[in-house]
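Start counting the sequence shown at 7; every next residue gets the next number (my numbering). Even glycine gets a Cβ: it sits at the ideal position worked out from N, Cα and C. Read the structure below first, then the notes.
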Amino acid sequence: MDMEEKDWIQKTLNKNQVLNRAKHKRCRLSVFVSIFIGIVICFQLFSPVYSQIPKSASEGIVTESLESAGIDSTLLDKMTAAIESNEYPNIHSVLILSNGKLVYEHYFPGKDEIWGHPIGIVNHDRDSLHDMRSASKSVVSACIGIAIGKGLIRNENENIWKFFPEYADLDSGDKAKLTLKDLLTMSSGLDWDESISYNDPTNSEIQMDYSIDPIRYVLSRPLAHPIGAVWNYNGGGTEVLAAVIHKVDFILMLLQSNICSSQLELHITIGRNCHPKAPINRYLRLPQG
Numbered sequence: 007m008d009m010e011e012k013d014w015i016q017k018t019l020n021k022n023q024v025l026n027r028a029k030h031k032r033c034r035l036s037v038f039v040s041i042f043i044g045i046v047i048c049f050q051l052f053s054p055v056y057s058q059i060p061k062s063a064s065e066g067i068v069t070e071s072l073e074s075a076g077i078d079s080t081l082l083d084k085m086t087a088a089i090e091s092n093e094y095p096n097i098h099s100v101l102i103l104s105n106g107k108l109v110y111e112h113y114f115p116g117k118d119e120i121w122g123h124p125i126g127i128v129n130h131d132r133d134s135l136h137d138m139r140s141a142s143k144s145v146v147s148a149c150i151g152i153a154i155g156k157g158l159i160r161n162e163n164e165n166i167w168k169f170f171p172e173y174a175d176l177d178s179g180d181k182a183k184l185t186l187k188d189l190l191t192m193s194s195g196l197d198w199d200e201s202i203s204y205n206d207p208t209n210s211e212i213q214m215d216y217s218i219d220p221i222r223y224v225l226s227r228p229l230a231h232p233i234g235a236v237w238n239y240n241g242g243g244t245e246v247l248a249a250v251i252h253k254v255d256f257i258l259m260l261l262q263s264n265i266c267s268s269q270l271e272l273h274i275t276i277g278r279n280c281h282p283k284a285p286i287n288r289y290l291r292l293p294q295g
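Written out as structure tokens, the structure reads:
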């Protein structure tokens with residue numbers, strides 16, 4: 007074999023090696039791309055998708071996708087994942103409405119309690135009943151505002167005794183000046199202590215709840231401070247405001263106006279003993295009936 011033939015063979019081998027290396031690179035790239043695509047497909051198939059359109063509720067609430075509403079779904083997906091990983095602990099539910107349409111609805115397991123007594127981890131859903139506690143104070147205040155807007159109450163400076171002529175025997179001294187605003191701002195000056203445990207029978211709210219007439223109990227409390235001078239947490243004031251809402255026929259107005267959709271199933275329970283396991287999907291609890 008002469009030198010020319012040897013050179014040709016060597017060049018051919020070198021060329022084949024280059025082609026083989028290129029082929030192996032293409033194979034590795036192809037395998038990598040296939041694996042990557044597979045991972046993406048698996049992620050899409052098996053990872054939670056939080057940006058789907060919420061299920062239509064029986065109440066007739068209109069739903070819409072986040073994308074249609076112009077909301078970045080990736081941000082909410084991250085938020086949901088963070089809640090589920092307990093980065094933001096014990097959040098039970100998140101609902102988002104945009105332009106009157108429900109675009110996001112998600113529920114999470116979390117610790118709950120009834121009257122301060124832990125009941126463990128609850129797998130919450132749209133029908134779960136909650137121990138609302140002080141969240142109800144904001145709702146009651148909002149209802150007072152709506153009642154004022156609808157003309158059922160003149161304004162927040164209305165004298166509280168106007169709504170309770172049956173307690174005229176308590177309307178004396180400086181207490182005669184009590185207004186809705188004083189109760190809304192928790193500056194009524196009434197002697198009230200909820201700073202101690204709710205398991206303690208001397209807690210003012212517990213005493214109110216076990217009294218024969220809770221409204222009388224609240225309004226009979228002596229003044230510990232001048233009216234409007236000191237802020238003091240007072241659940242009794244909210245109880246009185248809820249009774250005002252009932253007295254001005256707020257619920258009747260609510261049902262006859264466009265505040266509640268005609269398709270909204272609203273269960274109204276009047277009374278103080280609404281059992282947390284009651285077979286009611288939705289209810290509005292008024293302390294006094």
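Query: Sequence ranges, alpha helix (DSSP H) only - wholly within the stretch 197-234, length at least 4; Result: 210-215, 220-225
Query: Between the CA atoms of isoleucine 127 and glycine 157 - distance to the nearest angstrom; Result: 44 Å
Query: Closest residue to asparagine 96 among Pro115, Lys181, Glu172 (Cα-Cα distance); Result: Pro115
Query: Pair within 9 Å by beta-carbon distance, proline 220 and aspartate 197; Result: no
Query: Pair within 9 Å by beta-carbon distance, methionine 192 and asparagine 129; Result: no
Query: Distance between valine 236 and valine 109 (C-alpha atoms, nearest Å); Result: 42 Å
Query: Residues that valine 128 bridges to, as DSSP identifies them; Result: Gly116
Query: Isoleucine 41 - DSSP class collapsed to helix/strand/coil; Result: Residue placement at isoleucine 41 is flagged as unreliable, the pLDDT there being 37, under the threshold of 50; a coordinate-derived value is accordingly withheld.
Query: Beta-carbon proximity check, asparagine 105 vs alanine 148, cutoff 9 Å; Result: no
Query: Beta-bridge pairing of asparagine 240 - partner residues as DSSP gives them; Result: None; asparagine 240 has no bridge partner.
Query: Alpha-carbon spacing of lysine 183 relative to leucine 247, whole angstroms; Result: 16 Å
Query: Neighbour-count burial assignment, serine 178, 16 or more Cβ in a 10 Å radius; Result: exposed
Query: Nearest-angstrom Cα separation, counted from proline 124 out to arginine 139; Result: 14 Å
Query: Coarse secondary structure for leucine 101, derived from DSSP in three states; Result: strand
Query: Among Glu211, Ile150, Ile89, Ile77, the one whose alpha carbon lies nearest that of leucine 186; Result: Ile150
Query: Proximity winner among Ile120, Ser194, Asn165, Ala230, relative to tyrosine 204 (alpha-carbon distances); Result: Ile120
Query: Own chain, CB closer than 7 Å to isoleucine 102, minus 5 neighbours either side, in chain order; Result: Val109, Tyr110
Query: Cβ-heavy atom distance, threonine 86 to the ligand ATP, below 8 Å; Result: Among the components of this structure there are no ligands whatsoever, and the ligand ATP is therefore not found.
Query: Leucine 189 beta carbon less than 9 Å from that of glycine 155; Result: no
Query: Helix, strand or coil at leucine 184 according to DSSP, with G and I counted as helix; Result: coil
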